[in-house]
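Asker:
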Amino acid sequence: MKKLFFAITLAMLMAVEIARVYYIMPFPGSQQQNSINLAYFLHNYINLFRLIGIAAIIYPAYSLINTGNRLGRWLIMLAIGLWLVVVYMFNFRMQADKMFYEPRTKKLAPVSENKVLPQQLIIGVTINNESKAYPIEIIGYHHQVRDSVGGVPVMVTYCTVCRTGRVFSPLVNGVPEIFRLAGMDHFNALFEDSRTRSWWRQANGEAIAGPLKGSQLSEIPSEQMTLAAWVARHPNTTILQPDKEFTDSYEKLANYDEGKSKSKLTGTDSVSWREKSWVVGIKLNNSARAYDWIELSKARLINDAFDGVFTLLALEPDSASFHVWLRPDSLNFILKDGVMTDKQTSSRWDWDGSCTEGALKGNRLTPVQSYQEFWHSWRTFNPSTTRYMVPN
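Residue numbers (our numbering): 13 to 404.
Here it is, written out as structure tokens:
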């Protein structure tokens with residue numbers, strides 16, 4: 013009876029250690045479940061489970077070691093050793109913040125000293141006339157970089173498994189907060205704040221577990237494009253440089269920008285509307301819409317209207333830098349000799365949304381916050397989204 017009790021209790025101790033990490037890491041089947049509440053419960057009460065479990069097995073373990081034969085004693089010690097290995101692996105090796113570290117050295121360099129390649133994708137932020145660029149293949153490993161732009165604190169985040177880049181204010185109820193990478197939910201990165209230990213979703217900045225559940229981080233406008241396209245618009249920008257301590261980790265994302273990753277988690281589907289297909293997502297007037305990247309790559313320009321709003325999507329010649337603007341309902345755009353041109357006045361517009369030539373010279377289209385990400389991510393976190401379909 014003691015042996016059975018010891019075995020069951022030790023197995024339960026191992027199961028709790030494994031389950032606590034299983035539900036917030038990309039193990040088979042874990043990310044398809046709506047298990048965030050269970051995961052958060054296990055995370056917060058793990059020490060209580062350990063205390064109860066250890067207290068329960070102390071006496072039977074001691075009794076079995078002292079009264080059993082040599083083989084029995086070795087089996088008991090081996091079982092305890094196995095449990096200790098499980099504790100170590102699932103607390104010091106497989107937790108998200110033990111696998112992906114924040115930068116040790118954060119250096120932003122001017123264009124003249126930059127070492128990031130011009131074709132690399134960046135998340136760009138401009139505040140109070142100061143511009144900064146954060147390469148995706150750098151922040152993709154770290155998941156977050158805290159900085160300030162134009163005197164305003166920012167938290168630049170990226171989840172490579174969802175292909176989601178977001179920039180948030182790290183202020184919670186007006187107080188600066190520090191976040192750590194806690195794991196993931198539905199394949200999207202989770203951050204834990206240091207004060208309340210609430211869990212926050214990277215894709216939309218929403219607290220989904222803990223005392224602050226339902227709260228929202230304020231999003232800061234950002235753009236995704238190649239570094240070359242960003243520098244053309246912001247020649248005085250500074251650029252986040254690679255931290256030499258993580259060179260090997262960055263190299264694992266060397267083909268990520270182009271969608272050529274071989275990883276099952278970060279690879280790209282080559283056809284439209286599959287789980288890992290790219291889309292451009294926008295949200296206007298509480299409505300969401302997704303645009304197929306392959307279709308945008310073919311069309312280069314998409315004139316659309318939904319929920320009473322007229323929009324224009326554009327893809328630059330580099331086939332990587334994209335933009336979304338609001339457009340007057342009286343204007344439709346085409347590419348003429350590689351230049352955006354409205355059909356109504358034949359005015360010419362640049363990739364910044366500004367009219368540079370023609371009757372409308374001096375006008376500027378209003379930019380719309382837009383995101384490039386995997387279809388599974390956009391659909392999961394915007395369940396009421398519509399899909400743009402090419403008109404017949």
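By construction, the Cβ of each residue, glycine as well, lies at the ideal position given by its N, Cα and C atoms. If you're wondering where the values come from, they're calculated on a predicted model, not measured in any experiment.
Candidates D319, V33, S309: which alpha carbon is nearest A326's?
Answerer: The count along the sequence shown starts at 1 and reaches residue 326 at position 314. Closest by alpha carbon: S309.
Asker: Just list the alpha helix (DSSP H) runs in the region 300-329, keeping only unbroken ones of 4 residues or longer that don't cross its boundaries, in chain order.
Answerer: 305-311
Asker: Just to confirm the assignment: which complete beta strand (DSSP E) runs, minimum length 3, are found wholly within the region 250-291?
Answerer: 250-252
Asker: Beta-carbon separation of F199 and S47 under 8 Å?
Answerer: Taking the first residue of the sequence shown as position 1, residue 199 is located at position 187. Taking the first residue of the sequence shown as position 1, residue 47 is located at position 35. In this structure, S47 does not lie closer than 8 Å to F199 by Cβ.
Asker: Kindly confirm or deny that the region 239-247 and the region 125-140 touch, where touching means at least three C-beta pairs closer than 8 Å.
Answerer: yes
Asker: Which residue from G195, A51, W211 puts its Cα closest to that of V184?
Answerer: For the purposes of this step, residue 184 is taken as residue 172 along the sequence shown, with counting starting at 1. Of the candidates G195, A51, W211, the one whose C-alpha sits nearest the C-alpha of V184 is W211.
Asker: Given this structure, state the Cα-to-Cα distance separating D109 from P130, to the nearest angstrom.
Answerer: Here residue 109 is taken as the residue at index 97 of the sequence shown, counted from 1. Here residue 130 is taken as the residue at index 118 of the sequence shown, counted from 1. When rounded, the distance between both Cα atoms is 30 Å.
Asker: Closest by CA to Y52, which one among M37, R32, T280?
Answerer: The residue labelled residue 52 in the question sits at position 40 within the sequence shown. For the residues M37, R32, T280, the minimum Cα distance to Y52 belongs to R32.
Asker: Is the CB-CB distance between G226 and T208 below 8 Å?
Answerer: Taking the sequence shown and counting its residues from 1, one reaches residue 226 at position 214. Taking the sequence shown and counting its residues from 1, one reaches residue 208 at position 196. Contact: no.
Asker: Could you pull the DSSP bridge partners for E218 from this structure?
Answerer: Along the sequence shown, read from residue 1 onward, the residue named residue 218 stands at position 206. Beta-bridge pairing links E218 to Q228.
Asker: Using a threshold of 8 Å, state whether the C-beta atoms of I314 and Y383 are closer than that.
Answerer: Numbered from 1 along the sequence shown, position 302 holds the residue referred to as residue 314. Numbered from 1 along the sequence shown, position 371 holds the residue referred to as residue 383. No, the pair does not count as a contact, with Cβ atoms beyond the cut-off.
Asker: Just to confirm, is the Cβ distance from V179 to M167 under 8 Å?
Answerer: The sequence position of residue 179 within the sequence shown is 167, counting from 1. The sequence position of residue 167 within the sequence shown is 155, counting from 1. Taking 8 Å as the Cβ cut-off, V179 and M167 qualify as a contacting pair.
Asker: Out of M101, W361, M111, I70, which one is the CA nearest neighbour of D260?
Answerer: In the sequence shown, residue 260 corresponds to position 248, counting from 1. Closest option to D260, Cα to Cα, is M111.
Asker: With a Cβ-Cβ cutoff of 8 Å, do I251 and A332 count as a contact?
Answerer: Within the sequence shown, the letter at position 239 stands for residue 251. Within the sequence shown, the letter at position 320 stands for residue 332. No, the pair does not count as a contact, with Cβ atoms beyond the cut-off.
Asker: Would the beta-carbon of E287 fall within 8 Å of that of W387?
Answerer: Taking the sequence shown and counting its residues from 1, the one referred to as residue 287 is at position 275. Taking the sequence shown and counting its residues from 1, the one referred to as residue 387 is at position 375. Contact check for E287 against W387 passes: the beta carbons are separated by less than 8 Å.
Asker: Are three or more beta carbon pairs between the region 255-273 and the region 147-164 nearer than 8 Å?
Answerer: yes
Asker: Taking the alpha-carbon positions, what's the G162 to K119 distance?
Answerer: One-based indexing of the sequence shown puts residue 162 at position 150. One-based indexing of the sequence shown puts residue 119 at position 107. About 16 Å.
Asker: Between the Cα of S289 and those of V98, G65, T176, spot the shortest distance and give me the residue it belongs to.
Answerer: Working through the sequence shown from its first residue, we reach residue 289 at position 277. Residue T176 is the option with its Cα nearest to S289.
Asker: Return the bridge partner residues of G293 from the DSSP annotation.
Answerer: As a working note, residue 293 is residue 281 in the sequence shown. BP columns for G293 point to A302, Y383.
Asker: Tell whether a beta-carbon distance below 8 Å holds between N140 and V123.
Answerer: On the sequence shown, position 128 is the one that residue 140 refers to. On the sequence shown, position 111 is the one that residue 123 refers to. Not in contact: N140 and V123 (Cβ atoms no closer than 8 Å).
Asker: Does the Cβ of E189 have 16 or more other Cβ atoms within 10 Å, making it buried, or fewer, making it exposed?
Answerer: Here the question's residue 189 lines up with position 177 in the sequence shown. So E189 ends up on the buried side.
Asker: Could you check which residue in T172, T238, D205 has the C-alpha nearest to that of A215?
Answerer: Numbered from its first residue, the sequence shown carries residue 215 at position 203. Closest option to A215, Cα to Cα, is T172.
Asker: Once DSSP output is grouped into helix, strand and coil, what is the label at D364?
Answerer: Along the sequence shown, one-based indexing puts residue 364 at 352. Three-state result, D364: coil.
Asker: Take the Cβ of F39 as the centre, count every other Cβ of all protein chains shown within 10 Å, and call the residue buried at 16 or more, exposed below.
Answerer: Stepping through the sequence shown from its first residue, residue 39 is reached at position 27. Within a 10 Å sphere around the beta-carbon of F39 sit fewer than 16 other beta-carbons, which makes this residue exposed.
Asker: Can you tell me whether W86 is buried or exposed, with buried defined as 16 or more other CB within 10 angstroms of its CB?
Answerer: Walking along the sequence shown from the start, residue 86 turns up at place 74. When all chains shown are included, W86 counts as exposed.
Asker: If you measure between the beta carbons of L347 and D319, is that distance less than 8 Å?
Answerer: Counted from its first residue, the sequence shown places residue 347 at position 335. Counted from its first residue, the sequence shown places residue 319 at position 307. Not closer than 8 Å, so no.
Asker: With a Cβ-Cβ cutoff of 8 Å, do F345 and T357 count as a contact?
Answerer: The residue labelled residue 345 in the question sits at position 333 within the sequence shown. The residue labelled residue 357 in the question sits at position 345 within the sequence shown. No.
Asker: In chain order, what residues of the same chain have a beta carbon less than 7 Å from the beta carbon of S206, not counting five sequence neighbours either side?
Answerer: The count along the sequence shown starts at 1 and reaches residue 206 at position 194. If we look at S206 and ignore the five residues flanking it on each side, its Cβ neighbours are E189, I190.
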